[in-house]
Amino acid sequence: MSIVVIDYGSGNLKSAAKALEAAGNNINIGSKIVVTSDPKIIKQSEKIVLPGQGSFRDCYLGIKKISGLNETLNELVLEKKKPILGICVGMQLFAKTGYESQETEGFGWLDAEVRKINNMNKKIKLPHMGWNEIELKQDNFLFSRIKNKTHMYFIHSYEFMTKQKDCVIATTEYGNSIVVSIAKENIVGTQFHPEKSQKNGLIVLENFLKWKM
Amino acid sequence: MLKNRIIPCLDVKNGRVVKGINFVDLVDAGDPVEQAKIYDEQGADELCFLDITASNENRNIILETVKKTAEKCFMPLTVGGGVRTLEDIRNLLLAGADKVSINTAAVNNKNLVKESAEKFGSQCIVVAVDAKKVKENKWEIFTHGGRKSTGIDALKFVEKMEAMGAGEILLTSMDRDGTKKGYDLDLTKKVSNLVNIPVIASGGVGNLEHLRQGIKIGRANAVLAASIFHFGEFSIKDAKKYLDSKGIPVRI
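These protein sequence lines are chains A and B, in that order. If you use my numbering, the first sequence closes out at 1555, no skipped numbers anywhere. If you use my numbering, the second sequence closes out at 1701, no skipped numbers anywhere.
This is the structure we're talking about:
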């Protein structure tokens, strides 16, 4: 069985794949990491990772451009309940609507919107760039072995806003409280970049690889 | 709380690490991937590679260096030097860079920053500004590794770059670079207050107190240094311990 990293031209693709390989080696998991946009290969996979970098709109249009990818992901995630991890804009795409550059529809798997972070009258700088502590809001497999207030690496100007508070598993403080990790059944996501968060980031990826639904 | 970042910078020429003193005398000091691994283990918050390879035929060596580093170090990596086109940026990002810094081309090609921010997102576009003090409260932009004056006012330039979509400013004082006298704090503070994007202070670090000044007085979000870390004078851990003891928020 394989873990697929969805290739739709996102910049952090390779880093995500390499970090997943390293995480897989750390826990001796046999799964192969495959980078692909081929719906056939994605259908046969065990788990899906959706990386994302750049704007919400560009990323979603990038996915839509690949024939059958959008439909395949919807089917696998909503009907087949295949585990999926979204990273940064990858997680943001799970929302219904994004407002980066212009209003853009997302997958809509969660009742959420993606809006620009409030810069508190220029009191805080954007992008939210660097290492910030995450506050764990619920017990979740994704953060097993991760202590509360662990630092993770962020680089984003837009935030995931949801009324589905039961799906929020971690937040961080940047001006306001920002949602940085979500989980709903087979769907998980991180606003931070586990593939860039050194040892603790790899632990998050290990947890995802180990996850049994 | 978001922490101040400490960023070691490696000057890379033809795939080897060097550090320029005022951009002139180069001292060869090792393999960039090995150095990067050491900084990763020490808990550096980001890494920066500055490619100073002169000849075009050797330009692709940096992509190999970035690739090898990104396979071993799972931490943020900024790469700059000789970035001129959207294609250069794309190649570096695909090789594993998280951010690309643009210096001379940001001055010469007005649209590059705008186009690259639109294409790849502001978050990965760093504008590297080399500024030299020309009179009291006035700094001018220099390009080509600090050799060529442009007559452009540094403060106006950074504001323009922010408006064009730059996600971060890497601010180097040409007067201080290689001197070990500390950052140009006036310049750093002016730029940090002017723009609402993160600013990295660079140029002139000779001791750990200079890092504190860059953050506390210069109001920089991140501090970059090369030789004090590179020649083993101080480790990243030493720097963080020092800053923490002075009440500066850092990731320990």
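We treat Cβ as the ideally placed atom computed from N, Cα and C, and that holds for glycine.
Helix, strand or coil, according to DSSP, for residue i in the structure here?
i, result
"B:A1580", "strand"
"B:L1604", "helix"
"B:N1505", "helix"
"A:S1344", "strand"
"A:K1554", "coil"
"B:V1466", "strand"
"B:S1598", "strand"
"B:R1625", "coil"
"B:L1451", "coil"
"A:K1526", "strand"
"B:V1611", "First, the amino acid is wrong: residue 1611 of chain B is Glu here, not Val. Looking at B:E1611 - three-state DSSP - the assignment turns out to be helix."
"B:D1633", "coil"
"B:P1525", "coil"
"B:E1617", "strand"
"A:E1515", "strand"
"B:A1650", "strand"
"A:D1349", "coil"
"B:D1494", "coil"
"B:I1511", "helix"
"B:D1480", "coil"
"B:L1475", "Its pLDDT being 41, under 50, B:L1475 is placed unreliably in this model, and the value from its coordinates should be taken loosely. Correct three-state label for B:L1475: strand."
"B:V1640", "helix"
"B:I1487", "helix"
Any beta carbon of chain A sitting closer than 9 angstroms to that of residue i?
i, result
"B:S1571", "yes"
"B:L1535", "no"
"B:K1568", "yes"
"B:P1481", "no"
"B:N1560", "no"
"B:D1693", "no"
"B:I1666", "no"
"B:A1485", "no"
"B:G1529", "no"
"B:V1473", "Here B:V1473 scores only 36 on pLDDT, less than 50, and its place in the model is too uncertain to base an answer on."
"B:L1542", "yes"
"B:A1671", "yes"
"B:I1646", "yes"
"B:D1489", "yes"
"B:R1700", "yes"
Name the residue from the options whose alpha carbon lies nearest to the alpha carbon of residue i.
i, options, result
"A:Q1513", "A:N1490, A:I1375, A:K1552 and A:T1378", "Here residue 1513 of chain A turns out to be Thr, not Gln, going by the sequence shown. Of the listed residues, the one whose Cα sits closest to A:T1513 is A:N1490."
"A:V1377", "A:K1406, A:I1345 and A:S1397", "A:I1345"
"A:S1519", "A:F1449, A:L1484, A:N1461 and A:S1397", "A:N1461"
"B:H1659", "B:I1510, B:R1539 and B:L1634", "B:L1634"
"A:R1399", "A:N1474, A:V1456 and A:E1413", "A:V1456"
"A:K1534", "A:L1551, A:E1477, A:D1453 and A:K1423", "According to the sequence displayed, residue 1534 of chain A carries Phe and not Lys. Cα-wise, what sits closest to A:F1534 is A:E1477."
"B:D1702", "B:F1498, B:L1604, B:T1502 and B:K1597", "Chain B is shown only over 1450 to 1701; residue 1702 of chain B falls outside these bounds and no answer can be derived."
"A:A1454", "A:G1517, A:S1523, A:T1492 and A:G1396", "A:S1523"
"A:E1546", "A:Q1386, A:K1423, A:Y1441 and A:R1487", "Residue identity differs from the one stated: residue 1546 of chain A is Val in this sequence, not Glu. Selected option, being the one with the closest Cα: A:R1487."
"A:L1472", "A:Q1540, A:N1549 and A:T1439", "The question names Leu, but residue 1472 of chain A is Gly in the sequence shown. Minimum Cα distance to A:G1472 is reached at A:Q1540."
"B:G1709", "B:V1575, B:K1462 and B:A1493", "No statement about residue 1709 of chain B is possible, as the shown extent of chain B runs from 1450 to 1701 and does not include it."
"A:V1431", "A:E1388, A:K1382, A:N1354 and A:L1411", "A:N1354"
Please check if any C-beta of chain B sits within less than 9 angstroms of the C-beta of residue i.
i, result
"A:K1407", "no"
"A:N1474", "yes"
"A:S1499", "yes"
"A:L1468", "yes"
"A:G1366", "no"
"A:S1357", "yes"
"A:N1461", "yes"
"A:K1360", "yes"
"A:N1354", "yes"
"A:K1464", "yes"
"A:L1544", "yes"
Would you say residue i lies against chain C (beta-carbon separation less than 9 angstroms)?
i, result
"A:Q1540", "Absence of chain C from the displayed structure is noted, the protein chains being A and B."
| What are the complete alpha helix (DSSP H) segments, minimum 4 residues, inside the segment 1657-1684 of chain B? | 1657-1665 and 1676-1679
| field | Ordered list of beta strand (DSSP E) runs contained in the segment 1535-1591 of chain B, each at least 3 residues | value | 1548-1551 and 1574-1584
| request: List in chain order: all unbroken beta strand (DSSP E) runs of 3+ residues lying wholly within the segment 1434-1502 of chain A. | output: 1454-1458, 1470-1475 and 1493-1498
| field | Near-chain A residues of the segment 1491-1523 of chain B (beta-carbon distance less than 7 angstroms), N- to C-terminal order | value | D1494, A1519, E1520 and F1523
| query | Just by C-beta distance, which residues in the segment 1450-1462 of chain B are closer than 7 angstroms to chain A? | reply | M1450, L1451, K1452 and R1454
| field | Contacting positions in the segment 1614-1637 of chain B - beta carbon closer than 9 angstroms to chain A | value | G1616 and E1617
| query | Unbroken alpha helix (DSSP H) runs of length 4 or more, entirely within the segment 1529-1553 of chain A: which are they? | reply | 1540-1552
| request: Name, going along the chain, the residues of the segment 1374-1407 of chain A whose beta-carbon falls closer than 8 angstroms to a beta-carbon of chain B. | output: Q1395, G1396, S1397 and D1400
| task | Residues of the segment 1505-1537 of chain A with a CB closer than 7 angstroms to any CB of chain B: list them in chain order, please. | result | E1515, Y1516 and E1537
| said: Ignoring anything shorter than 3 residues, give me the beta strand (DSSP E) runs that lie fully in the segment 1370-1447 of chain A, in order along the chain. | reply: 1374-1378, 1389-1392 and 1426-1429
| field | Members of the segment 1424-1450 of chain A that neighbour chain B once the beta carbon cut-off is set at 7 angstroms | value | none
| task | Would you list, in chain order, the members of the segment 1544-1555 of chain B that have their beta-carbon closer than 7 angstroms to a beta-carbon of chain A? | result | G1545 and D1547
| task | Give, in chain order, every residue of the segment 1479-1497 of chain A whose Cβ lies closer than 7 angstroms to some Cβ of chain B. | result | H1493, Y1495 and I1497
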